[in-house]
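Q: Below is the structure I would like to discuss, written out as structure tokens.
There are 2 protein chains.
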Amino acid sequence: MSRAEQKERTRRAIINAAFSQLSADKSFASLSLREVAREAGIAPTSFYRHFADMDELGLTLVDEAGLMLRQLMRQARQRIEKNGSVIRTSIETFMEFVTGNSNVFRLLLRERSGTSAAFRGAVAREIQHFVAELAEYLRKETICPDELARAQAEAMVILVFHAGADALDAPPEQYSYLTSRTITQLRWLTHGAAGSGRKPKG
Amino acid sequence: MSRAEQKERTRRAIINAAFSQLSADKSFASLSLREVAREAGIAPTSFYRHFADMDELGLTLVDEAGLMLRQLMRQARQRIEKNGSVIRTSIETFMEFVTGNSNVFRLLLRERSGTSAAFRGAVAREIQHFVAELAEYLRKETICPDELARAQAEAMVILVFHAGADALDAPPEQYSYLTSRTITQLRWLTHGAAGSGRKPKG
DNA sequence: AGAATGAGCGAACAGTTGTAAGCTAAAGTG
DNA sequence: CACTTTAGCTTACAACTGTTCGCTCATTCT
Numbered sequence: 016m017s018r019a020e021q022k023e024r025t026r027r028a029i030i031n032a033a034f035s036q037l038s039a040d041k042s043f044a045s046l047s048l049r050e051v052a053r054e055a056g057i058a059p060t061s062f063y064r065h066f067a068d069m070d071e072l073g074l075t076l077v078d079e080a081g082l083m084l085r086q087l088m089r090q091a092r093q094r095i096e097k098n099g100s101v102i103r104t105s106i107e108t109f110m111e112f113v114t115g116n117s118n119v120f121r122l123l124l125r126e127r128s129g130t131s132a133a134f135r136g137a138v139a140r141e142i143q144h145f146v147a148e149l150a151e152y153l154r155k156e157t158i159c160p161d162e163l164a165r166a167q168a169e170a171m172v173i174l175v176f177h178a179g180a181d182a183l184d185a186p187p188e189q190y191s192y193l194t195s196r197t198i199t200q201l202r203w204l205t206h207g208a209a210g211s212g213r214k215p216k217g
Numbered sequence: 016m017s018r019a020e021q022k023e024r025t026r027r028a029i030i031n032a033a034f035s036q037l038s039a040d041k042s043f044a045s046l047s048l049r050e051v052a053r054e055a056g057i058a059p060t061s062f063y064r065h066f067a068d069m070d071e072l073g074l075t076l077v078d079e080a081g082l083m084l085r086q087l088m089r090q091a092r093q094r095i096e097k098n099g100s101v102i103r104t105s106i107e108t109f110m111e112f113v114t115g116n117s118n119v120f121r122l123l124l125r126e127r128s129g130t131s132a133a134f135r136g137a138v139a140r141e142i143q144h145f146v147a148e149l150a151e152y153l154r155k156e157t158i159c160p161d162e163l164a165r166a167q168a169e170a171m172v173i174l175v176f177h178a179g180a181d182a183l184d185a186p187p188e189q190y191s192y193l194t195s196r197t198i199t200q201l202r203w204l205t206h207g208a209a210g211s212g213r214k215p216k217g
């Protein structure tokens with residue numbers, strides 16, 4: 016096996032070890048370098064061959080989580096073309112992601128208000144991707160100033176994220192309630208915004 | 016000084032020490048018993064005379080934070096009577112609290128999605144007080160099913176909380192923008208909800 | 001007065017942590 | 001082939017952590 020190949024392999028082992036140790040009871044901040052190294056199957060000091068410190072690993076995790084989120088968006092758009100209902104499909108796709116990759120979502124959720132400014136910034140950037148795409152969509156579908164489209168998109172993303180957070184602590188039989196509640200909230204937003212100076216296009 | 020009096024005094028010293036160590040870079044989880052004891056001016060072992068462990072202290076902090084929040088609500092209501100504008104006054108009062116007691120707000124913000132289920136539950140309960148009061152208000156002012164009033168109140172509280180979180184990382188000159196953005200979002204919600212089967216009362 | 005209580009202390013323990021230094025051995029290079 | 005590079009290892013250290021134990025001594029109770 017080539018050297019670079021092997022290096023990449025243990026780098027992934029470290030990343031996977033970190034992800035797998037995240038849980039409802041364990042945040043990234045409470046991971047230790049040694050524990051991660053142990054699970055990755057390397058000596059503690061070998062960790063430094065791949066990351067300068069735990070922060071660098073953390074930022075990598077946030078990046079990867081953001082990537083997954085964006086792939087999710089693409090998947091949602093495909094579903095929308097077949098399905099029709101934009102809001103419902105988007106939320107359902109998102110809820111599936113949250114419940115299926117809860118550790119990944121938890122990372123974003125926690126580091127959004129965590130103790131590292133760098134982490135908070137990284138998460139905020141990932142979320143802004145969401146907001147920007149949604150705002151773009153709103154601008155296409157309606158006639159309204161950029162500023163308002165953005166404020167609307169932000170509100171929507173916040174509400175959806177929060178529904179995801181609720182789902183983490185809720186029993187599965189409540190998922191459909193959380194979904195429909197969020198749909199209602201988002202419809203209120205769109206209707207309210209449409210009534211305040213915005214017009215449906217065409 | 017009486018015994019009970021003195022005990023209460025050092026108990027407060029511990030609580031205050033814990034609050035004062037919370038900051039943008041230090042979450043409750045990263046506080047150590049020894050550090051807190053040091054700042055409170057007692058030996059590490061004396062801590063146990065007042066709390067069984069750090070978790071018990073943490074729950075106390077959350078309780079106190081919730082108390083401050085409810086006092087804030089009362090203060091807001093007084094202002095509303097003089098001022099008139101419900102939404103604007105509420106949000107402005109809240110933003111003042113957030114910027115003036117940022118460590119307290121940060122505690123709630125972080126433990127809401129933290130690693131301890133007990134903490135998450137405690138914070139959720141405090142926030143539900145907010146939601147319940149607001150939902151009650153909405154029911155009085157409008158005719159709508161309890162269920163919808165609650166969903167609307169929840170959405171509003173989420174958006175206001177999020178604005179507070181944004182303020183923590185924003186320079187002060189952006190506070191007024193954050194406030195007005197949130198006002199817009201809340202007005203959309205009320206208008207949208209009013210349009211969907213709800214009617215203004217009287 | 002005398003006994004009981006209990007807040008606070010110092011010393012000590014076992015466990016963990018991050019990280020530095022220096023070695024080995026395999027892969028890459030000329 | 002000899003030479004360099006480097007991922008990974010072992011050992012080691014100093015700094016912390018939470019917690020147990022047994023003591024003191026001022027307050028409180030009888």
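Chains as they are written, first to last, in this note's numbering: chain R, 16 to 217; chain F, 16 to 217. Glycine included, each C-beta is placed from N, C-alpha and C at the ideal position.
So, helix, strand or coil for F/Ile158, using DSSP?
A: DSSP places F/Ile158 in strand when its eight states are reduced to three.
Q: Would you kindly check if the distance between the Cβ of F/Val113 and the Cβ of F/Phe34 is under 8 Å?
A: For F/Phe34 and F/Val113, no; Cβs fall outside 8 Å.
Q: When Cβ atoms are compared, which residues of the segment 106-139 of chain R fall closer than 9 Å to chain F?
A: So the list reads Arg121, Leu124, Arg125, Arg127, Ser128, Gly129, Thr130, Ser131, Ala132, Arg135, Gly136 and Ala139, given in the order they occur along the chain.
Q: In angstroms with no decimal places, state the Cα-to-Cα distance between F/Ala209 and R/Ala208.
A: So the alpha carbons of these two residues sit roughly 12 Å apart.
Q: Short check: CB of F/Asp184 to CB of R/Arg135, under 8 Å?
A: Taking 8 Å as the Cβ cut-off, F/Asp184 and R/Arg135 qualify as a contacting pair.
Q: Specify, as a first and last residue, the run of the alpha helix (DSSP H) that F/Glu71 falls within.
A: Residues Met69 to Asn98.
Q: Using 8 Å as the Cβ pair cut-off and three pairs as the minimum, do the segment 60-71 of chain R and the segment 97-108 of chain R touch?
A: No, they do not touch.
Q: Quick one: does F/Ser17 have its CB under 8 Å from some CB of chain R?
A: No, because no Cβ of chain R sits closer than 8 Å to the Cβ of F/Ser17.
Q: Check distances from the C-beta atoms of the segment 195-206 of chain F to those of chain R and list, in chain order, the residues that come in under 8 Å.
A: The residues in question are Arg196, Thr199, Gln200, Arg202, Trp203, Leu204, Thr205 and His206.
Q: Thinking C-alpha only, which one of R/Gly179, R/Val77, R/Ser211 and R/Asp181 is nearest R/Thr157?
A: Ranking R/Gly179, R/Val77, R/Ser211 and R/Asp181 by Cα distance to R/Thr157 puts R/Ser211 first.
Q: What's the C-alpha gap between R/Phe43 and R/Leu201?
A: Approximately 31 Å between the Cα atoms of the pair.
Q: Quickly, what does DSSP pair F/Ser38 with across the bridge? List them, please.
A: F/Lys41, per the DSSP bridge assignment.
Q: Are R/Ala58 and R/Ile29 close, meaning C-beta to C-beta below 8 Å?
A: Not closer than 8 Å, so no.
Q: Give a yes or no on whether the minimum CB-CB distance between F/Ile173 and chain R is below 8 Å.
A: Taking Cβ atoms only, chain R reaches closer than 8 Å to F/Ile173, which makes this a yes.
Q: Under a Cβ-count criterion, where at least 16 other Cβ atoms within 10 Å of its own Cβ denotes burial, should F/Ala178 be classed as buried or exposed?
A: Burial call: buried.
Q: Apart from the five residues on each side of it in sequence, which residues of its chain come closer than 7 Å, Cβ to Cβ, to F/Lys216?
A: Note that F/Lys216 scores a pLDDT of 43, beneath 50, so its modelled location is shaky and nothing firm can be said.
Q: Kindly indicate which three-state DSSP category R/Asn118 falls into: helix, strand or coil?
A: R/Asn118: helix per DSSP, three-state reduction.
Q: Rounded to the nearest angstrom, how far is the Cβ of R/Arg196 from that of F/Ala137, given a contact under 8 Å?
A: With 8 Å as the limit, R/Arg196 and F/Ala137 do not qualify as a contact, their Cβ atoms being about 23 Å apart.
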